[in-house]
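J.: Residue numbers for the sequence shown follow the numbering used here, beginning at 1 and rising by one.
Note that the Cβ used here is the ideal one computed from N, Cα and C, for glycine as well.
Sharing a structure, written as structure tokens. Questions coming.
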Amino acid sequence: MLRIPWSRGAELTLEEKVAISDSVARFQLGESGQGRHFLRVARKYADRTADAEDAFYVDALQMFVAEEQRHAELLGRFLDLAEVPRIQQEWSNHCFRRLRHLAGLELIISVLLTAEIIARVYYAALRRATDSTVLKRICEQLLRDEVMHIRFQAERLARIRRRLPCWRNRLAVRMQRLLFGATCVVVWIGHYHALRRGGLTFSEFWKRSHGEFRVASKLMDPGRYEILADWPPPRPGAVRVKVAC
Ligand SMILES: [Fe+2]
Ligand SMILES: [Fe+2]
Numbered sequence: 001m002l003r004i005p006w007s008r009g010a011e012l013t014l015e016e017k018v019a020i021s022d023s024v025a026r027f028q029l030g031e032s033g034q035g036r037h038f039l040r041v042a043r044k045y046a047d048r049t050a051d052a053e054d055a056f057y058v059d060a061l062q063m064f065v066a067e068e069q070r071h072a073e074l075l076g077r078f079l080d081l082a083e084v085p086r087i088q089q090e091w092s093n094h095c096f097r098r099l100r101h102l103a104g105l106e107l108i109i110s111v112l113l114t115a116e117i118i119a120r121v122y123y124a125a126l127r128r129a130t131d132s133t134v135l136k137r138i139c140e141q142l143l144r145d146e147v148m149h150i151r152f153q154a155e156r157l158a159r160i161r162r163r164l165p166c167w168r169n170r171l172a173v174r175m176q177r178l179l180f181g182a183t184c185v186v187v188w189i190g191h192y193h194a195l196r197r198g199g200l201t202f203s204e205f206w207k208r209s210h211g212e213f214r215v216a217s218k219l220m221d222p223g224r225y226e227i228l229a230d231w232p233p234p235r236p237g238a239v240r241v242k243v244a245c
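Laid out in structure tokens, this is it:
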């Protein structure tokens, strides 16, 4: 965990504050979920498959949720330092949460990954958008953590998809790409000033986001994990892992 030099204060210029404060407040809200529904669905899934790996996932997921809450705390403390009010509700965040509540584990992870991948591009741009030492350090910490979050969730998605038919996985990947493209547009519109200040045009934002998406897509591909197909061995009565597409 990086040391954050809180005593330096927010060190935001007026221009920086105008460009990024609203955007940071919305990302802070996005990071602040309790993960209750996510954990409930993951537990149900683990009960259904009776696979020890899925039970481990639930334990790891609790740590994941705690780390996301730590991100919310860091951003929240920075907002307080900069005297920017925190927000409690925002429409795109609300839509994302609703979508996750309607869904099963696979879709919840897909939606979450969409946000995590774009967050990596966003936090890198935010780091460039400011000279605030505190905010830069927070962005560095978040960028480090999000790499591992993407890996963790993408590998889990691959494991879930390994149990599904190939046609179903191809359809899921197409839908995920569509959702990702649409989310890029929404994030660009909603965080335009911060992203522009971070040196991105729309086409650069699109290119970088899709570059990150391509990397994550490889991790989501069940075919990469053939060697893990039967390890650990499923308990009696567990759902057997199918051959990769
Ligand atoms: Fe996060
Ligand atoms: Fe994350």
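Out of curiosity, what's the CA-to-CA distance linking Gly190 and Ser23?
T.: Gly190 and Ser23: Cα-Cα distance of roughly 8 angstroms.
J.: Of all the options Thr130, Pro222 and Met148, which has the alpha carbon lying nearest to the alpha carbon of Ala60?
T.: Selected option, being the one with the closest Cα: Met148.
J.: Considering Met220, what are the terminal residues of the alpha helix (DSSP H) in which it resides?
T.: Counting along the chain, the alpha helix (DSSP H) containing Met220 begins and ends at Phe202 to Met220.
J.: So for Ile4, helix, strand or coil by DSSP?
T.: Three-state result, Ile4: coil.
J.: Ala119: beta carbon under 7 angstroms from a heavy atom of ligand 1?
T.: Correct: Ala119 has its Cβ closer than 7 angstroms to ligand 1.
J.: What residues does ligand 1 have around it, judged by CB closer than 5 angstroms to any heavy atom, in chain order?
T.: Going by the Cβ distance cut-off, the answer is Glu31, Glu68 and His71.
J.: Using a Cβ-Cβ cut-off of 6 angstroms (strictly less than) and excluding sequence neighbours within five positions of Lys207, which residues of its own chain qualify?
T.: Once the five neighbours on either side are set aside, Lys207 has no close Cβ partner at all.
J.: The alpha helix (DSSP H) that contains Gln110, what's its start and end?
T.: Note that residue 110 corresponds to Ser in the displayed sequence, not to Gln. It spans Leu105 to Ala129 - the alpha helix (DSSP H) in which Ser110 sits, taken as one unbroken run.
J.: Consider the C-beta atom of His247 and the heavy atoms of ligand 2; say whether any pair is separated by less than 7 angstroms.
T.: Past the boundaries of the shown model lies residue 247; the chain is included only from 1 to 245, so the question cannot be answered.
J.: Could you tell me which uninterrupted alpha helix (DSSP H) segments, each at least 4 residues in length, are contained entirely in the segment 129-206, listed from first to last along the chain?
T.: Here the runs fully enclosed are 133-161, 166-190 and 192-197.
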